[in-house]
Structures are given as C-alpha cells and as structure tokens.
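Peer 1: Here the sequence shown is numbered in the working numbering, starting from 11 and rising by one per residue.
All residues carry an ideal CB built from backbone N, CA and C; glycine is no exception.
Nothing here was measured: the structure is a model prediction, and the numbers come from that model.
I have a structure I would like to understand better, so I am pasting it below and will then ask my questions one at a time.
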Amino acid sequence: MSENQCAPSSIGVFTSGGDAAGMNAAVRAVIRTAEHRGIDVYAIHEGYHGLVEGGDFIRRVEGAYADSFLHKGGTTIGTARSDRFRTRDGRRTAARNIVEHGIDALVVIGGDGSLAGANVFREEWSELLAELVDAGEITQELADEHPFLRLVGLVGSIDNDMSGTDMTIGADTALHRIVEALDSLHSTAASHQRTFVVEVMGRQCGYLALMSSLATAANWVLIPERPPAKGWAQQMCRDIKAGRDIGRRQSVVVVAEGAQDQEGNPITASQVRKILEDGLGEDTRITILGHVQRGGAPSAFDRFLATLLGHAAVEQLLAAGRQATPQLIGLRGHRVVTSPLMECVARTQEVGERIKARDFDGAMLLRGGSFRQSYNIVQTIQQAAPRPTPAARRRFRIAVVHGGGLSPGMNTAVRAAVRLGLDRGYTVLAVKNGFRGLRMGEIQEMAWMDVSGWVSQGGAEIGTNRYVPSGAAIAQIGEQVAAHRIDGLLMAGGWDGYKAAHELHRHRRQYPALDIPIVCMPMTINNDVPGTELSIGSDTALNSIVADIDKIRQSAVASRRVFVVEVMGRACGYLALVSGLATGAKRIYLPEEGITLDDLMADIATFAEGFRSGTRLGLIVRSEHADPVYTTAFITSLFQKEGGNLFDARQAIFGHLQEGGDPTPFDRIHATSLTAHCIEFLSEQLESGSRASAMVGFQSGRLQFTDLTSYPALVDEDARRPVEQRWMDHRGLATIMRA
C-alpha cells in the first residue's frame, strides 16, 4: 500500500441535521467494520456542535457499545447544528479537536447541507492545521502525521431528496409512520363520510407525499415537483365529488409541506380544506403529522440499508487514497454504489433551483424514472373511473391469478392490475383460488370499484394455493382459457405459481389456447423465485420478524438468555440473513450452508465467553430448513444444557405470523410498480401480436423481463430455490457485524 493509500489512523463518525431512523444502525456498522479492520473509531456526539466543542463529545467506542442501540430510532450519539462551525475559527477548533485524537477520516451521516459543510472542512484541512501549528496549538509532527482528511458521506434524511441514491436512511421508516396514520384515517373518514387533508414532511421533495398516496389510495396529492394545472381547485372538487357519486365514503388529500401552484404560491392544508368546504360542503378535517414522521423504531429496510452503507463507508475510506475525492455511499437498483459527494449535492440543490425557476419538467426529470412512473400511476389509480377508451381499440381480456403460498401485497397487485388494465380499455378477469380455480372456471370479471380498499389489505381476496397442474388438468385449463377468451395472463405468486405458469407455457403447442403471453410477478415472503433479486411480501415478513425480535430482546436482556428464533423461508435463507443483520443476531443458520455439530459447539463456547464478559443477550436466527437434524428445538436444548449457570436458552418459532398483516409501504409500492410494468409488457405483446412470456424482476440494478422458457435453467429444483442468489453476497457482512 502506497503512502497515499495507507489506512487512516482513526475514523470519526457523527450524525448531523435532522434525525432519521436508521442512523444508529449506520453508526454501528461503521464501528463494527472499523473494529474488524483494526482501526480505532471515535463517536463525535451532538454533530457539528460536538465537533467544535471537543472534550467528552469525542469518545472512542467499540462494537459492544454500538450493539445496544441498533434497534432504536433517532440517533443515540445526538445531532446538532453549530453556528461556530460556519466560521473559520470554529472549523479550526474542530480540526484541533479531532487531530488530537489521531482522527484523519470522517464518516458523516446527514443531509446535503451537513455533507456540504463537511466538504468545506476537508478542503480547508491542511490550512487549518498550518494555522494551528503557527498558533502553537498543535505540533508540526502531529500535523505531518495527518496531512489530509478523508471524507465519506451517508445520507440520513427522511425526505429522500438526495441525488446519488435511490433511498436515503430514514425515508422508509418515515413512510411507515405516514402510511400507518393514513390507514387509520381512512377508517374514521369512512365512518363519518368525511374528507381528511393530511400534510406530510419532505421540504421541497414530494417523495413522502407521493409514495404514501400510492400506498394508501389517497384521492388527491399535491407535490412541489408537479404543481397542479390552473383551475386545480375546481378539478379537485370535481374528482372528490365523482368519488362520492360512485359510493366512496371517504376522501383523503395528501399535501407535501412544500406544495405550490404553478405561479410559485404555497398550497397549504388550510387552503385545501377551505376549497373543499366551500366547493362541496364537505366535512373536512386537517391532520398535520409533523415530527411523528421522524420517530419510532427503524424499519427492517432502514436497518439493513444503513448497515450496508455504514460498512461500505469504512471500506471506501480504506480503499481510497488520502487525497481521494469525497464519496457519497448510496443505493441504486439494490446495489451499493459510490458517487462524487459534491456532484450529488449539486444535483440535489439543482432540483430546488428548477422548482424555484418553475421548470417543473426539469425537476421531475431530475427526480428519476421511478418517481415519474409513480406519479403517473397515482394519477390513473386515484380516478373515480377509467378514462374513456376509443371505440376502435380492441378490448383484450387479461386474467390475474395467484399461485403459491400467501404473500402480503397480493391484493395490492390485483387492485393495480384491475385499474391499470381497465384504464387501457381491457377487460380484467380475476381467477379465484389459484390454478385450481382456473381449471374449474372460477373466473370473475372485475369492475373499477370491486378492488376499492384492497391496496392496504393483507391476505389474498381472490385466493391462492400451491396447486401445480399436470396431465389432464393442463387440457382443462386450456379449455377454460378458450371459453373465457383470455388473451393474456398475469401470475402474481411464488415458487408453485412460477412452476404452474411454466407448465402452461411448456404445453402451448399442444394446446393452442395456452399460446398466450404470460408474465410472472415475484410475490413470496421467501424471496426464492428466479428472475429477480427481491420479491414482493418479503419486506412485510422482515418487518414482522424484526418487530417480534425487538420484543424478545427486552425479555432476553432481563434474564441473561439466548433466544433461538426460527423464521420461514423454506429452503431459502434470505429472511434469516437479512433479519439477523437488522437485529444484531450473533449467529445465523442458513439452509444454503447447513449446520454441523462443530458449528454448534463453537457457538456455545463463543456465547459462554460473551456472557462471562458481561453480555446479557444472545440471539440466534435459524432458517426453518437450515438442517433436518439440528432443529430449533434441538439447538435450544443443547444451549440450555451447555449454558449451565451462565445463560438460559429459549426458542421462538414465529410461524405463519410472518405471512400475515397488512403489507408494508415498500411492498405496496413495489407491487403497484411491478404490476404496472407487467400490464405494459402484456399490452406490448397483445398489441404487436406477439406471444412472449416472461418473469419480471430487478436484477443487476435494473428492471428486467426474463424469458419464461429459461425457468428450468435458473432454479435448483431439488433445493427449491434459484441457482444464483445475490443476497448471499452479504453473508460475510453478518460475520463482521457479530464480531
């Protein structure tokens, strides 16, 4: 390693700006990774204020300290702005405070302002040290040992307004808080036939408002990037009235705090309420969610995301040279990426400039393709009825069917398919009870309001099962497809659904009625189907697991106990690995690796050593099919016996709780977005006369349609999982985090 690339002496980490759930997980990941790499870490408490004040605000920390706050919201090390840091004298004091601790690398977790301030500090570093030497506050030798300051930024912000990353730390948790509130408001609004106007945070970014509207069936949404057209007040009243006329009992309007009209005039919740009261005589109430959106325990996604990014931040500091350009660590297409920090800050600030200049098309362009797609979907789905279809357009008939086990988000997908299909002028059919129902002709034509309220409902209203047709059943399904004149099929389900769809595809030459385009959408908590790296439903299951483990944590700490937690997943260890990372599990057992007696004895020794040193909690996460012999009950009994007087052992098998509950915001949004892509795919095939069939999903950071013909080559049939599982790339991270 050259002198320019030598490792930093010590790393400082701090949080700044508004707090965001998941910041603690990021701090923990930085500490654990640096400790693993043999580098001292200092937590700088109270953000920039602590950086300037020094003293006890800067403390050396170890991994065990960080484990204690992984599950907590906010930032345990505190955050505060500092007017002194804005001055040259304040930054000089900050430089002295950290160089005296040997810190010459910083991980800054905050928003664009915090990251930009850190970059100024870095650029002035050499000059600041020279001034400190001249003033006699530090020695020349100390300055020579730390000639450069390395910098990496992580975006901690509920607004999700930063360029360079698809998701910022804290945004998913904020969506959870907003969606929980909107779901609750829907029920009370329906009871009284009332309208609610809900203001959400986000500053000049409409992400929270837009995505919460998409996830909760809000009837109108106002965001800064796309102000409503002139005459919007009258149009809003017409739209709300149209919903009432078709039987909708409640209406919800979501207003982003930075919403404005096309002239740049703010649109407030109070203004919207007055418009609705005056225009419709509606009983209208305002709910301003405020800082509740920042609070609460971080979601499973935010814990996992923050862990990935915190680990990558330390690795980036170690890999980069002393004078390397500061990088922002983000997530794009489910991949950790690095981008020049100040370029990201500049692009972020450009959005605000475009909005200020009323270049709203430019602002939408900078927000990205998924943001624009979500806006267009909301504009379609929130209508009271589909748009008129030209008489000359052929009314294709599309069927929707589930296959495989239950997965949260199934109702969300059916709702999206029905409304997006009807809006194109298609007839949309719902197949009841999976492929068995398709065989028996249990098929219903769907209307726009048939799926009202389905966006937030768990379960599967049209039913699902694990039936896979074969033999004569294939012919019977072909007869039903012909009888109901089905032109295309959307299968939203899991392993057995994919297998059933492939069976139909495989027999299309034998049964011409089956020669139709079929698209498979991944919908299983197990995340075990091919053609995608992430399936709908797994996020809901993960949040269920994480919430239950948080409760177990309190019980275990009180009793000096090891808990062996069994999670679902069949032969795929995705739920076990990600939930283990999100909850700080000390050991994770996966079916991909199996379990040996040597593993168990080594783990008992490790836990015993930890409890002798003062550990109060031991957490093991075991995937349900990790090993046929070393079951959860066996492992628990073994640990109970060998723990002696050091610790007790208990088991917790969560079972089908993981399949239940309403889908999370992430799963609702993912289901709606993928369904839109599937309807577009079927539309392209039908309009062009093609009969291609595919599996949709995100792979290698982008949306892809994989030929359904390749299904057998992509799966390990005996193990019932894909041949390639990219999430296993994170297996080593679990070892680092448990050190």
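In three-state DSSP terms, what is Y477?
Peer 2: Residue 477 sits at position 467 when you count from the first residue of the sequence shown. If DSSP states are grouped into helix, strand and coil, Y477 belongs with coil.
Peer 1: So, is Q245 buried or exposed, given that buried needs 16 or more other C-beta atoms within 10 angstroms?
Peer 2: Sequence index remark: in the sequence shown, residue 245 carries index 235 (1-based). Exposed: under 16 other Cβ atoms inside 10 Å.
Peer 1: Starting from E134, trace the beta strand (DSSP E) both ways and give me its first and last residue.
Peer 2: Residue numbering aside, residue 134 sits at position 124 when the sequence shown is read from its first letter. Not the beta strand (DSSP E): E134 falls in the alpha helix (DSSP H), residues 122–144.
Peer 1: Taking just the CA atoms, how far does T674 sit from D558?
Peer 2: Taking the first residue of the sequence shown as 1, we reach residue 558 at position 548. Taking the first residue of the sequence shown as 1, we reach residue 674 at position 664. Straight-line Cα distance between these residues: approximately 15 angstroms.
Peer 1: Counting only beta-carbon separations shorter than 9 angstroms, does R42 have a partner in chain C?
Peer 2: Given the protein chain composition of this structure (a single chain), no chain C is represented.
Peer 1: Restricting to Cα atoms, I'd like to know which of G447, R446, C688, A427 is closest to M456.
Peer 2: Residue mapping note: residue 456 aligns to position 446 of the sequence shown, counting from 1. The candidate whose alpha carbon is nearest that of M456 is A427.
Peer 1: Since L627 sits in a beta bridge, which residues does DSSP pair it with?
Peer 2: Position 617 of the sequence shown, counting from 1, holds the residue named residue 627. Paired residues: R571.
Peer 1: Examine the Cβ distances between the segment 24–38 and the segment 176–192 and report whether three or more of them are shorter than 8 angstroms.
Peer 2: Contact between the segment 24–38 and the segment 176–192 is present: 3 or more CB-CB pairs across the two stretches fall below 8 angstroms.
Peer 1: Going by C-alpha to C-alpha distance, which of L351, H344, T534, A511 sits closest to A423?
Peer 2: Numbered from its first residue, the sequence shown carries residue 423 at position 413. Here the closest residue by C-alpha is T534.
Peer 1: Name, in chain order, the residues that DSSP records as bridge partners for F715.
Peer 2: Position 705 of the sequence shown, counted from the start, is the residue given in the question as residue 715. V706.
Peer 1: Who are the Cβ neighbours of D217 in its own chain at under 6 angstroms, not counting the five residues just before and after it?
Peer 2: One-based indexing of the sequence shown puts residue 217 at position 207. What sits at residue 217 in the sequence shown is Tyr, not Asp. Counting only Cβ-Cβ distances below 6 angstroms, and skipping sequence neighbours, we find N170.
Peer 1: Taking the alpha-carbon positions, what's the G20 to E353 distance?
Peer 2: The residue labelled residue 20 in the question sits at position 10 within the sequence shown. The residue labelled residue 353 in the question sits at position 343 within the sequence shown. First, the amino acid is wrong: residue 20 is Ser here, not Gly. S20 and E353: Cα-Cα distance of roughly 26 angstroms.
Peer 1: Would you say C247 and L192 are within 9 angstroms of each other, going by their C-beta atoms?
Peer 2: By one-based count along the sequence shown, residue 247 stands at place 237. By one-based count along the sequence shown, residue 192 stands at place 182. In this structure, L192 does not lie closer than 9 angstroms to C247 by Cβ.
Peer 1: Just grab the DSSP bridge partners of Y52 for me.
Peer 2: For this step, residue 52 is matched to residue 42 along the sequence shown. BP columns for Y52 point to G22, R70.
Peer 1: Could you give the DSSP three-state label for A225: helix, strand or coil?
Peer 2: Position 215 of the sequence shown, counted from the first residue, corresponds to residue 225. Of the three classes helix, strand and coil, the one that applies to A225 here is helix, per DSSP.
Peer 1: Do you know how far the Cα of S545 is from the Cα of F715?
Peer 2: Taking the first residue of the sequence shown as position 1, residue 715 is located at position 705. Taking the first residue of the sequence shown as position 1, residue 545 is located at position 535. The alpha-carbon atoms of F715 and S545 are separated by roughly 14 angstroms.
Peer 1: Which residue from C215, V529, D154 puts its Cα closest to that of G121?
Peer 2: One-based indexing of the sequence shown puts residue 121 at position 111. The shortest C-alpha separation from G121 is found at C215.
Peer 1: Straight-line CA distance for Q735 to Q661?
Peer 2: As a first step, residue 735 is located in the sequence shown; it is residue number 725 there, counting from the start. As a first step, residue 661 is located in the sequence shown; it is residue number 651 there, counting from the start. About 28 angstroms.
Peer 1: Which term fits G784, buried or exposed, when burial requires 16 or more other beta carbons within 10 angstroms of its beta carbon?
Peer 2: With the chain covering only 11 through 749, there is no way to say anything about residue 784.
Peer 1: What distance in whole Å lies between the Cβ atoms of G123 and G764, which are believed to be in contact at a cut-off of 8 angstroms?
Peer 2: Beyond the ends of the chain as shown, which are 11 and 749, falls residue 764; an answer cannot be given.
Peer 1: Assuming contact is defined by CB atoms lying nearer than 9 angstroms, are P336 and N107 in contact in what I supplied?
Peer 2: Counting from 1 along the sequence shown, the entry for residue 336 is found at position 326. Counting from 1 along the sequence shown, the entry for residue 107 is found at position 97. No, the Cβ-Cβ distance between P336 and N107 is not below 9 angstroms.
Peer 1: Give me the residue from A595, A729, A105 with the minimum Cα distance to I148.
Peer 2: Within the sequence shown, the letter at position 138 stands for residue 148. Of the listed residues, the one whose Cα sits closest to I148 is A105.
Peer 1: Alpha carbon to alpha carbon, how far is V355 from A126? Give it in angstroms, no decimals.
Peer 2: In the sequence shown, residue 126 corresponds to position 116, counting from 1. In the sequence shown, residue 355 corresponds to position 345, counting from 1. The straight-line gap from Cα to Cα measures roughly 7 angstroms.
Peer 1: What does the Cβ neighbour count give for V574, buried or exposed, with the cut at 16 atoms within 10 Å?
Peer 2: Position 564 of the sequence shown, counted from the first residue, corresponds to residue 574. Counting the other Cβ atoms within 10 Å of the Cβ of V574 gives 16 or more, which makes it buried.
Peer 1: Ignore the nearest five residues each way along the sequence and tell me which others in L585's own chain have a CB closer than 8 angstroms to its CB.
Peer 2: By one-based count along the sequence shown, residue 585 stands at place 575. Closer than 8 angstroms at Cβ, skipping near neighbours: I535, N536, N537, S548, A551, L552, I555, V577, M578, G579, S633, Q668.
Peer 1: Considering only the alpha carbon of each residue, which of V733, R364, P308 lies closest to K82?
Peer 2: For the purposes of this step, residue 82 is identified with residue 72 of the sequence shown, where counting begins at 1. Ranking V733, R364, P308 by Cα distance to K82 puts P308 first.
Peer 1: Would you report the Cα separation of R626 and E619, rounded to the nearest angstrom?
Peer 2: Here residue 626 refers to the residue found at position 616 of the sequence shown. Here residue 619 refers to the residue found at position 609 of the sequence shown. Whole-angstrom Cα-Cα distance: 12 angstroms.
Peer 1: For my contact list, I689 and L430 are in at a C-beta cut-off of 8 angstroms; report their separation, rounded to the angstrom.
Peer 2: As a position in the sequence shown, residue 689 is number 679, starting the count at 1. As a position in the sequence shown, residue 430 is number 420, starting the count at 1. In this structure I689 is in contact with L430, their Cβ atoms being roughly 5 angstroms apart against a cut-off of 8 angstroms.
Peer 1: Rounded to a whole number of angstroms, what is the C-alpha to C-alpha distance between R446 and P238?
Peer 2: As a position in the sequence shown, residue 446 is number 436, starting the count at 1. As a position in the sequence shown, residue 238 is number 228, starting the count at 1. Looking at the two C-alpha atoms, the distance is approximately 46 angstroms.
Peer 1: Within its chain, find whatever has a CB closer than 6 angstroms to the CB of V478; leave out the 5 residues flanking it on each side and keep chain order.
Peer 2: Your numbering for residue 478 matches position 468 in the sequence shown. So the list reads D506, K509, A510, once near-sequence residues are dropped.
Peer 1: Report the three-state DSSP secondary structure of Y640 (helix, strand or coil).
Peer 2: The residue labelled residue 640 in the question sits at position 630 within the sequence shown. Coil at Y640, not helix or strand.
Peer 1: Excluding sequence positions up to five away, which residues of its chain have a Cβ less than 6 angstroms from the Cβ of I645?
Peer 2: Start at 1 with the first residue of the sequence shown, and residue 645 comes out as number 635. Cβ within range, chain order: V574.
Peer 1: Below 9 angstroms between beta carbons: does that hold for G671 and V631?
Peer 2: Here residue 671 refers to the residue found at position 661 of the sequence shown. Here residue 631 refers to the residue found at position 621 of the sequence shown. Cβ distance not < 9 angstroms, so G671 and V631 don't count as in contact.
Peer 1: Output the distance between the C-alpha atoms of T5 and L328, rounded to the nearest integer angstrom.
Peer 2: What is shown of the chain runs 11 to 749, which leaves residue 5 out entirely.
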